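A.B. asks: Chains as they are written, first to last, in numbering that gives the first Met the number 0: chain S, 0 to 483; chain F, 0 to 483; chain G, 0 to 483; chain D, 0 to 483.
In this text, a Cβ means the ideal position worked out from N, Cα and C, and glycines have one as well.
This structure is a prediction, so every number in the text was calculated from the model and none was measured.
Please read through the structure below; I'll follow up with questions.
Protein chains: 4
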Amino acid sequence: MITTHPFDDDKLREECGIFGIYGHPEAAAHTVLGLHALQHRGQEAAGVVSYNGSQFNAHRSLGLVGDNLTSEEVISALIGDSAIGHNRYSTTGDTIMRNIQPLFAELSGGGFAIAHNGNLTNAMTLRKMLVQKGSIFQSTSDTEVIIHLVATSPYPRLVDRLVDALTQIEGAYSLVILTQKKLIGVRDPHGIRPLVLGETADGEPLLASESCAFDIIGGKLIRDIEPGEIVIINEDGIESVKPFGPVQKRPCIFEHVYFARPDSLTDGTSIYEVRKRIGAELARESSVDADLVIPVPDSGTPAAIGYGRESGLPFELGIIRNHYVGRTFIEPTDNIRHFGVRLKHNANTPQIQGKRVVLVDDSIVRGTTSIKIIEMIRQAGASEVHMRIASPPTTHSCFYGVDTPEREKLLASKMTVEEMAKNINADSLAFISLDGLYRALGLEGRTNSAPEYCDACFSGDYPISLTDHDGGQNNQLSLLAERK
Amino acid sequence: MITTHPFDDDKLREECGIFGIYGHPEAAAHTVLGLHALQHRGQEAAGVVSYNGSQFNAHRSLGLVGDNLTSEEVISALIGDSAIGHNRYSTTGDTIMRNIQPLFAELSGGGFAIAHNGNLTNAMTLRKMLVQKGSIFQSTSDTEVIIHLVATSPYPRLVDRLVDALTQIEGAYSLVILTQKKLIGVRDPHGIRPLVLGETADGEPLLASESCAFDIIGGKLIRDIEPGEIVIINEDGIESVKPFGPVQKRPCIFEHVYFARPDSLTDGTSIYEVRKRIGAELARESSVDADLVIPVPDSGTPAAIGYGRESGLPFELGIIRNHYVGRTFIEPTDNIRHFGVRLKHNANTPQIQGKRVVLVDDSIVRGTTSIKIIEMIRQAGASEVHMRIASPPTTHSCFYGVDTPEREKLLASKMTVEEMAKNINADSLAFISLDGLYRALGLEGRTNSAPEYCDACFSGDYPISLTDHDGGQNNQLSLLAERK
Amino acid sequence: MITTHPFDDDKLREECGIFGIYGHPEAAAHTVLGLHALQHRGQEAAGVVSYNGSQFNAHRSLGLVGDNLTSEEVISALIGDSAIGHNRYSTTGDTIMRNIQPLFAELSGGGFAIAHNGNLTNAMTLRKMLVQKGSIFQSTSDTEVIIHLVATSPYPRLVDRLVDALTQIEGAYSLVILTQKKLIGVRDPHGIRPLVLGETADGEPLLASESCAFDIIGGKLIRDIEPGEIVIINEDGIESVKPFGPVQKRPCIFEHVYFARPDSLTDGTSIYEVRKRIGAELARESSVDADLVIPVPDSGTPAAIGYGRESGLPFELGIIRNHYVGRTFIEPTDNIRHFGVRLKHNANTPQIQGKRVVLVDDSIVRGTTSIKIIEMIRQAGASEVHMRIASPPTTHSCFYGVDTPEREKLLASKMTVEEMAKNINADSLAFISLDGLYRALGLEGRTNSAPEYCDACFSGDYPISLTDHDGGQNNQLSLLAERK
Amino acid sequence: MITTHPFDDDKLREECGIFGIYGHPEAAAHTVLGLHALQHRGQEAAGVVSYNGSQFNAHRSLGLVGDNLTSEEVISALIGDSAIGHNRYSTTGDTIMRNIQPLFAELSGGGFAIAHNGNLTNAMTLRKMLVQKGSIFQSTSDTEVIIHLVATSPYPRLVDRLVDALTQIEGAYSLVILTQKKLIGVRDPHGIRPLVLGETADGEPLLASESCAFDIIGGKLIRDIEPGEIVIINEDGIESVKPFGPVQKRPCIFEHVYFARPDSLTDGTSIYEVRKRIGAELARESSVDADLVIPVPDSGTPAAIGYGRESGLPFELGIIRNHYVGRTFIEPTDNIRHFGVRLKHNANTPQIQGKRVVLVDDSIVRGTTSIKIIEMIRQAGASEVHMRIASPPTTHSCFYGVDTPEREKLLASKMTVEEMAKNINADSLAFISLDGLYRALGLEGRTNSAPEYCDACFSGDYPISLTDHDGGQNNQLSLLAERK
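What follows is the structure, given as structure tokens:
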């Protein structure tokens, strides 16, 4: 049985999209649309919590937003003029339903709903402490630690209790929180995961992981929430609090390479434009004599356009994607070559036959897909295949909210570039350099003493301590492996 | 409520894909893969019938192949080494399940399964005659007429009975038929709908609507079935019969413009290549001063690449497509501008702002989507929008198996090109000429005395008589409106 | 895995209930209620067809009437003031859905819906002949033979075509038929299966298998349809036709013993009263010294009351029935004694302990349940168990619409009463005599030269020839094993 | 729309059945069977939690045990040799799934699963206190209060923490609790709800609400758990603890009248025997000249047998019950008289016509069903209808775990017996006296100074204070209205 995903199995995966809206009579309908626009950030479950002035309403379900959250029945039950929503990965099964966010609890001060993009690195340690004191956990999610810290905080005011909780947690977190009076947005001190502030056409405040979630509802981007900033939205307006001391901003560089939608803007920069610049930089760093440049669709397309334009090679759709995907297919036992990849991709043979091809992809993780795609290109008659990768070699796992394989499964962690080229059977293979990537982002290169981005997956330079992981509590890590 | 489709509501829609395989131990698994590759030809229902030497087995269901036909349970029940399959449109509901193909009947000579791409134009007339004689119909499908004609034919041999039936029907039909001994492929005398012959890596015979269905299973294309040809496959090999007199070949020209997958080959020609040539021809016929060319994704992309290369304008992804689609979305009552189109498309604003844009699409049907897309491009800041269409104006309905609106809903049937430009708010609008389209197909232009293709949707020149429709039996047409 | 049924696995099973109503604005709602009252006659599938003056509407589904046919959605779609309905057994699965009755076909004279209780004994022979002539069958049901005979009949008037068809079929059949103008009821010449005529409180005509179906809707019984009678109901009233010559009436005697509901009346006689009389007759024929009489619930209860009253023994609920049943239960591997029977029955130990018990049941089929129940009674401490059966020994299979095991599985076909007593571990065992059963029905005994009932299951005296079965076409019998 | 229930809408309803087993390799399969036998105590949801030495496993679902808990998939996932289970009522819906018992929490000492039959009367007060301290509730169930009291108890040993929790709660509770080491059974100090101890054929300990749950698995009853007793079962055996001071035992008297299954034993007494004695007492207290006695099936049957025997009147099944029930039926608008009752009951007309009938039922709650049944009996031709009730007038609501209407809806709370007779249109009406009921239970009558049973529903004498209710916190009561 071969499982297909809309996104490739052999990619790093962003693990959450979050959205919030305050003071709009159709808060839930807008939240569902925002989540649909953020679907690329998490496809396995989604949820919305709304508040109507007297009651919190929730709907959570496995599967896509467009399949499960859009019916009139669901929307009309999510009454209220404030709402938050969440897209995530999840495995199937009963208990796991409890992990679908937003999580919600009745605290002594009233209801509290929270949606989280990121991953806490000391959640297990905090959880043990809380259970010891009598807290009862409903889920296996690290996000629930935040709720119990708020519930048991001695401070009377909610915002103080939240700050009290945040000062105890470590890791990457962008949060949207809904209470009876407030919509709150939080970005961790390093700003690892994104969070942007926007407004609807009529001026109601919006929060989202990416600006494309504002476009779909006719809203507009105001600005990025700053690292370490807490934005508190209530009927009096928007207040900004920065309870943490100054910390080096380190947003995730991989958002630019692959995670974010090309039509989103981050810190005022077009993701599509950055990717074309990466392609151009790659063409400058690693040019090769060839006949045409083709992308691995769809994520490699902007870089391939950039590469083609810089190199002067014609850009062609050499791989045609089948947009219909299914859950699983049985592979006939006569072993169709590279069956899995064929369910989604087919070589456009007449364009490739007898040609020297530059193949552009965004990254190599395990390398399994690269092997299959190059083989397919060769079978279609390409005379040479030169692979160009729009990111540096992925050598380290992410602990900040991205689904990465264990380090030993990362091809670049155990092979040189030459070995990798041989492994995937490319005539040549080149990755953009780390400095080249920073240049495509508009800098002069990486400031190694104080890097401007979190690039731990390429450099091993982790900006936040990994408390739970350092202790080697391996059997308990599984508990935290639940993704948000 | 806004319904989204993987393909646009405002497109003509091909109404069927068919597939057949003979003498392979995993016939059903291959058929399901073939149908998956042909999913673009019909997304609302699919079915497979297999034969294992003693028994016919069937599975039919509403929905996509990848969601409904790929489970081990389904495949393992479809035992046998021969199979045929079918993708189609269908409305929902109990009775309509009976229309999902392949249709099957136990005839006096044994079981008979049939899958049909096309539309018969005298089915209603024949059906009345058959009911009068005591035939009982199970479905509202015109295909069932063929089965009853075979069942009641006085000839003893099956092939003679089939020919007897075919000489009575009129219309467009590509058929795959499975009996206890044979796999049969039929293409109507004009060859309106496509049908190709191929073989697996091990040489077992294959039939399919398009060659991309062979690629996915590692098979290869042998040749197109000829118009008017009946191909009979049994354990002795492949036999070809041509019972009809010589007729002018008139394959559907719209397969090249839009229906077929770009990686398929028809009559030895690459669909992708033809579309690029259409784009280039369009650039020559209707050039315009502009800054960049952008496709309406994904069907406009090859023509836009061709246009860009011929015109020298840069090709950019100015519209980003959201690959996640859902069933229905509730539109908030504050009327988000052009809500429906936003569920699938978003303007890539930084590329467009302040630019003169050439927008390339494959066709204009009702014009509703063009209006919304141009408005979205303008909202993103384009200074000029020039629309270029990779087909001539669609002025006539199709009665040969394509889902077209009634003629009065076709924008080109009631407006000049200038009026259409104004209607969709384009700064300029141009369609490729009919001769230009024939040139892109490698001819010198259309031979009006004996056109090489069926182009009735552009020319009104219908090659086959419309018996049921000429009689004006309007209330009964609904019965035949079931699509295959 | 142990499967439980509302009715015991070790019983003969009636295989259909049918219902019809003419000229009532809520025809479908009444039909559904009538089917609910007839649910004991068939629990595995049900269907309704209605006609509203221009269109036939159908709903069929697996499962109980009360679970599947009662929703407002279903009822409101079954518009029309005439309707027929059917309860039946069926195995699960896609193709079998086609067998759920009423069956429907568009004939040249208009729509024709039919529901059948009984079994044709020459259906296979007729079917072969029809397929040879070009008829295409949709189901594996023998009832469809009737439809094709009507469809291909040369007569112009529908009633003539129906009579033409009926003269060709053999077997047991009570039918309700709905056409555009008429509701028709038919009972076969021997009147094997029941059919009664009634009317609603407002006088609209009703047809049903049993009179209890009239009670639930506040209607009343008029009379039994006579053997060989065709009742034709249209807007002009009720017409009766008897196209068959005079034949000895032979209604099924087992309806009185077990199938019919105790609150139904047949030929003016109360089923409950007959069963009490059977119990009294049994007490007279086979008295025994004992302390109390207990029924096997619920079917043995009326006979046990009759037995108790005649014998002077106290009647007690010695077995308590659990009215909640489930689909399947896993039997723990430590082999709980007589697990299956315990899912539905429990001994009422304090009543039984140390007592001599007369246990009254309606019949013994395989004997498997009797073994378990007697063992359960003994475990609860009974000092003696005397089994009394309210029917003669079941020695022959039924071919007229009752689900019986093959003859060799009937305990009484291979053992004497003494051997059976030993087999089920009863201290004594007695069956009512065949003459005794006729006496309980108000006769002086069985007229062996011309028996008043069909008692083939007790006597082997089959009133109708078994054409399909005599030919020994065993593999084709499975086709006809579909029950109605 | 008329909803039918297996038990009558117009009955008091027991709200839970509980079961536990320790040290048996097929613990879950036995628990499911036990719950099936206890299905009459709660039909709307069921759950099982098992423990296999390292992990707790749970399955909970809406609907009947036999429909949802018996599949091999469910049972095989509930691995472990100890298990507890629970049947309950519940409304539908997402959040309510969280209320299906057994509830489970990971406490600092390990996992803790609990199933509760009864109702706490100070749960709201305790809940507020707990939330104030930082506890987060998952459900709206009062049972969760017990878990949080255990979780936050300062004692180190689990049993001490449980006793600490129990001393804080008020109300009626029979509990089964499963921890990593122990199976615990608890009955509240008054012993309001039942709980019995048993053992399997091989001697493994069992706990259940009623002894019929032991019969189904071939086990046997040892004794009733005593009021105020905590039974602790672990690998060393069974230990009994009585931490509460001596309190007057007050088991629920209505268990004998209606809730318990007739084949269960309570305090060594047969429920069936008690009910027959109630019928006999009723015949002595309120004899009447009549022709026959008929029960309202099935709950009135034992009392009717007792009444018949004492009075010398023949016992007949005058009402036939349809054992097939459905979810909802649409009532035709022509208003079939007493439609709802007809879905389950039909008068056995020939037995009743022209007769003077004594009709025996177990209780009158709202009186709505009595009206319909008497009307149905009259329509069937009874000349007189004398209603006899096997319990005293129900004048007060229950707050100890029984679903009763608000007091003002109880017919007996607002009418005299004469008014009630008139209201339900009975020729005469009589209830057993409270003393008569105690006599049927083997006492000389009620000891009013220290009653032997809780009979608050008849007497208004509530043995346990109603803390949450006395404060008149009506809007919060809904939270506690969740039934166990």
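#1: Can we say the stretch 44 to 62 of chain F touches the stretch 355 to 362 of chain S, given the rule of at least three CB pairs closer than 8 Å?
#2: Taking the beta strand (DSSP E) that residue 15(D) belongs to, which residues open and close that run?
#3: Looking only at its chain, what residues have a beta carbon closer than 7 Å to the beta carbon of residue 9(F), apart from the 5 residues adjacent to it on each side?
#4: Could you tell me the alpha carbon to alpha carbon distance between residue 182(S) and residue 30(G), rounded to whole angstroms?
#5: Just to confirm the assignment, what range does the alpha helix (DSSP H) spanning residue 516(F) have?
#6: Would you verify that the beta carbon of residue 328(D) is, or is not, closer than 8 Å to some beta carbon of chain G?
#7: Could you check what DSSP says for residue 118(G) in three-state terms: helix, strand or coil?
#8: Quick check: residue 342(S) and residue 35(F), are their CB atoms within less than 8 Å of each other?
#9: Just grab the DSSP bridge partners of residue 304(S) for me.
#10: Starting from the Cα of residue 233(F), find the closest Cα among 149(F), 282(F), 205(F) and 292(F) and give me that residue.
#11: Which of helix, strand or coil does DSSP assign to residue 494(G)?
#12: Establish whether the CB of residue 130(S) and some CB of chain D are separated by less than 8 Å.
#13: When burial is assigned at 16 or more other CB atoms within 10 Å of the CB, is residue 137(G) buried or exposed?
#14: Could you give the uninterrupted runs of the beta strand (DSSP E) lying entirely in the stretch 48 to 93 of chain S, keeping only those of 3 residues or more?
#15: Using 8 Å as the cut-off, can you tell me whether the stretch 301 to 315 of chain S makes contact with the stretch 274 to 284 of chain S, which would need three or more C-beta pairs spanning the two stretches below that distance?
#16: Please report the straight-line C-alpha distance between residue 461(D) and residue 56(S), rounded to a whole angstrom.
#17: Our contact map puts residue 98(F) next to residue 140(F) with C-beta atoms below 8 Å; I'd like the distance itself, whole angstroms only.
#18: So which of 302(D), 344(D) and 400(D) has the shortest CA-CA distance to residue 357(D)?
#19: Give the C-beta separation of residue 385(F) and residue 448(F) to the nearest angstrom, bearing in mind that I take them to be a contact with Cβ-Cβ under 8 Å.
#20: Rounded to whole angstroms, what is the Cα-Cα separation between residue 194(G) and residue 215(G)?
#21: In terms of alpha-carbon separation, which member of 389(G), 245(G), 167(G) and 240(G) lies closest to residue 275(G)?
#22: Near residue 40(D), what residues of its chain come up, given a Cβ to Cβ distance below 8 Å and the 5 sequence neighbours on each side ignored?
#23: So does the stretch 431 to 440 of chain G actually touch the stretch 368 to 383 of chain G, counting three or more Cβ pairs closer than 8 Å?
#24: Given that residue 135(D) touches chain S, what residues does it touch there, using C-beta distances under 8 Å?
#25: Helix, strand or coil for residue 149(F)? Go by DSSP, reduced to three states.
#26: One question on the structure: do residue 67(D) and residue 45(D) come within less than 8 Å of each other, judged by their Cβ atoms?
#27: Which whole-angstrom value describes the C-beta separation of residue 405(F) and residue 396(F), a residue pair presumed to lie in contact below a C-beta threshold of 8 Å?
#28: If we cut at 8 Å on Cβ distances, does residue 36(F) have a partner in chain S?
#29: Among 331(D), 329(D) and 297(D), which has the Cα closest to the Cα of residue 319(G)?
#30: Cutting at 7 Å between CB atoms, please list the residues of its own chain near residue 26(F), excluding the five before and the five after it.
#31: When the distance is taken between beta carbons, is residue 107(F) closer than 8 Å to residue 131(G)?
C.D. replies: Put simply:
#1: no
#2: 15 to 21
#3: 364, 365, 367 and 368
#4: 56 Å
#5: An answer regarding residue 516(F) cannot be provided, because it is not within the stretch 0 to 483 covered by chain F.
#6: yes
#7: strand
#8: yes
#9: Looking at the DSSP assignment, residue 304(S) forms no beta bridge with any residue, so it has no partner.
#10: 205(F)
#11: A question about residue 494(G) goes unanswered here, because the residues of chain G that appear run from 0 up to 483.
#12: yes
#13: buried
#14: 55 to 61 and 81 to 87
#15: yes
#16: 38 Å
#17: 5 Å
#18: 302(D)
#19: Incorrect: roughly 35 Å between the Cβ atoms, too far for contact.
#20: 17 Å
#21: 389(G)
#22: 13, 14, 15, 16, 86, 116, 208, 209 and 258
#23: no
#24: 104, 105, 106, 134, 135, 137, 146, 147 and 150
#25: helix
#26: yes
#27: 6 Å
#28: yes
#29: 297(D)
#30: 20, 49, 79, 80, 81 and 82
#31: yes
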